[in-house]
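In the working numbering, the protein residues as written are 102 to 427. Quick reminder that beta carbons are idealized off the backbone N, C-alpha and C, glycines included. Encoded as structure tokens, the structure appears first; notes follow it.
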């Protein structure tokens, strides 16, 4: 039997979420936030939250796992006190329609709070609601988002709340966002109890990094290697030489080469090029940027050099990669 937790908000007015599912939405991001709201109701013994599920077609929506989900309504008109959460997933650029953007803008003009979960932040940005605001999106979409929306203060945080606009990186961080909203509405005791029911260790700080640490991802524990990689990741558009890189971390170029060979089995410049090509792959798959502009944004001086390097890495040309997406 669950122990009821008293809300610190004595009024306990029911708050409604309108959750909009985009085609190919991420099931885990959607399900985890919904379950957190359900548990908050159960633990409090009150209907603190209710929700409706929307989709543009108002009928059946397909998830990223190709399962289908029956929604409650199409894009209906909402009330000022509602909170909209746009849940994205795969191919968000194609699945963000003009009709959806118009609807988001219309709800925002009424004073409705708007949020994006996972790649849903892209749709919120397309509606112009993130201009001049701090926001986040799933780490895999950060490069393409930054290229398209340079007026947005994009962070690597797991979630951002900037005024009436909310964004979450998705996955399990959807839980972190909802727990923060529960804490704001009804106090930390209820939020912590929901976290315990979910058997989830809440990240206390919204600035917690989305990705595993560099050392964990690579299995490389050397501090100098990690420092060098971080500098590389911050300088993909304008690559720096190995000698400058070495000087920035106070070692010799020869020592830098030796450390990369030992821990990563490749030269610093080879690893650096792989990072730039990985960014290029994301941009080819997620944006409509021209190949030459992608080449330049990833530190290649010409499209021919970029195409040759890309084919060697991925066995297809950048143009074929782009065509495959379509």
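For residue i, which residues of its own chain have a beta-carbon under 7 angstroms away from its beta-carbon, when the five flanking residues on both sides are left out?
i	result
residue 245	383, 384, 387 and 388
residue 350	325, 328 and 329
residue 251	none
Note the first and the last residue of the continuous beta strand (DSSP E) segment covering residue i.
i	result
residue 285	Counting along the chain, residue 285 falls outside any beta strand (DSSP E), though it belongs to the alpha helix (DSSP H) covering 274-287.
residue 269	266-269
residue 361	First-last for residue 361: 354-365, but that is the alpha helix (DSSP H), not the beta strand (DSSP E).
residue 350	Taken as a continuous stretch (DSSP letters only), residue 350 belongs to no beta strand (DSSP E), as it is neither H nor E.
residue 262	260-263
Taking the straight line between their C-alpha atoms, what separation do you get for residue i and residue j?
i	j	result
residue 409	residue 334	22 angstroms
residue 362	residue 418	28 angstroms
residue 199	residue 290	42 angstroms
residue 295	residue 181	27 angstroms
residue 355	residue 402	26 angstroms
residue 207	residue 347	52 angstroms
residue 381	residue 192	16 angstroms
residue 238	residue 268	7 angstroms
residue 197	residue 217	12 angstroms
residue 420	residue 406	14 angstroms
residue 205	residue 292	29 angstroms
Among residues of its own chain, excluding the 5 on either side of residue i, which ones have a beta-carbon nearer than 8 angstroms to its beta-carbon?
i	result
residue 243	255 and 257
residue 155	119, 120, 121, 122, 172, 173, 174, 175, 176 and 177
In the DSSP output, what is residue i paired with across the bridge?
i	result
residue 116	150
residue 235	254
residue 171	161
residue 155	121 and 174
residue 185	119 and 215
Please classify residue i: does DSSP put it in a helix, a strand, or coil?
i	result
residue 246	helix
residue 417	coil
residue 163	strand
residue 212	coil
residue 132	helix
residue 400	coil
residue 190	strand
residue 217	strand
Under 6 angstroms Cβ to Cβ from residue i, same chain only, skipping five residues before and after it: list those, please.
i	result
residue 422	385
With residue i as the anchor, note down where its alpha helix (DSSP H) starts and where it stops.
i	result
residue 478	No statement about residue 478 is possible, as the shown extent of the chain runs from 102 to 427 and does not include it.
residue 328	324-334
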